[in-house]
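Numbering (UniProt numbering), first residue to last: 1 to 144.
Right, here's the structure in full:
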């Protein structure tokens, strides 16, 4: 890092010495302060470089996130397609079973209708026969 401000360590040491600080101690203070100022203070150029680095990292992370989100969206779409296919297959299977049961039910109803119709024909025939016999008996009784 660069020292952003002009700091004359020699002048600082001389000022400390003239204020009564021993020369060796004044030079040590001046050197230490110069190092601190040189390493602790950040200049505008360093901040700009740091900002560029951070923006680059943010763009990279954003790109990685976008890539992973895109991959997840593809997986979700594939799963959705698989589920739709399975649901359609189950729907078709269920429709087929319902149709088969409907035909079976219709056939049984038709057989019942035929059987019921045949039974009713016998009942009608028997009733007709009884009526005719009764008419015959009635007419014989009336003619006598």
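For every residue, glycine included, the Cβ atom is placed at its ideal position computed from N, Cα and C.
None of the values given here were measured: they were computed from a predicted structure.
Could you tell me the alpha carbon to alpha carbon distance between residue 110 and residue 133, rounded to whole angstroms?
So the alpha carbons of these two residues sit roughly 34 angstroms apart.
Helix, strand or coil, according to DSSP, for residue 61 in the structure here?
Three-state result, residue 61: helix.
Where does the unbroken alpha helix (DSSP H) through residue 13 begin, and where does it stop?
First-last of the alpha helix (DSSP H) with residue 13: 9-18.
To the nearest angstrom, how far is the alpha carbon of residue 100 from that of residue 129?
Answer to the nearest angstrom: the Cα atoms are 43 angstroms apart.
Flag this pair as yes or no: are the beta carbons of residue 34 and residue 12 separated by less than 9 angstroms?
A contact, by the Cβ cut-off of 9 angstroms.
Classify residue 19 as buried or exposed, calling it buried when 16 or more other Cβ atoms lie within 10 Å of its own Cβ.
Residue environment for residue 19: exposed (fewer than 16 other C-beta atoms within 10 angstroms of its C-beta).
Assign residue 16 to buried or exposed, taking buried as 16 or more other Cβ atoms, counted over all protein chains shown, within 10 Å of its Cβ.
Residue 16 comes out buried.
Three-state secondary structure (DSSP) at residue 43?
Coil, per DSSP.
With a Cβ-Cβ cutoff of 9 angstroms, do residue 23 and residue 9 count as a contact?
It is not a contact, given that the beta carbons lie outside the stated cut-off.
Going by beta-carbon coordinates alone, are residue 197 and residue 28 separated by less than 9 angstroms?
Because the chain spans 1 through 144 in this model, residue 197 falls outside it and cannot be assessed.
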